[in-house]
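Written below as structure tokens is the structure these notes are about.
Residue numbers (this note's numbering): 206 to 313.
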């Protein structure tokens, strides 16, 4: 089975776009696409925002695609970096202090 990373790489390599995808521009693109995702919710209630699920899917996919490309450029394994971050977050947000509490770790 082909992974999402493989599919993203195949898509960009078939178009020879890797040459345009430097780390700075990919990081910028992640932010721009995340802003487009936010725009779906602008001036709406949370419930109204999620009514446009197709647009949310498209913009979220764009964010993830650029994130995959950036990770690939930097030879980072997506699963490894997520696991590493979850370990850090477990230390910052122990269950006994953070359960049912949305405070930042510095305020726990």
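A virtual CB, placed ideally from N, CA and C, is assigned to each residue, including glycine.
None of these values were measured; they are calculated from a predicted model.
Please tell me whether residue i and residue j are closer than 8 angstroms, where the distance is taken between their beta carbons.
i, j, result
"residue 291", "residue 268", "no"
"residue 231", "residue 278", "yes"
"residue 274", "residue 217", "yes"
"residue 276", "residue 283", "yes"
"residue 257", "residue 245", "yes"
"residue 295", "residue 313", "no"
Under DSSP, the alpha helix (DSSP H) around residue i begins and ends at which residues?
i, result
"residue 243", "228-246"
"residue 295", "283-297"
"residue 253", "251-254"
"residue 217", "209-219"
"residue 273", "258-278"
"residue 303", "300-303"
Shortest alpha-carbon distance to residue i belongs to which of the options?
i, options, result
"residue 209", "240, 224, 250 and 271", "271"
"residue 293", "225, 207, 310 and 254", "310"
"residue 262", "239, 252 and 249", "239"
Under 8 angstroms, with one C-beta from each stretch per pair, do the stretch 258-274 and the stretch 221-241 reach the 3-pair mark?
yes
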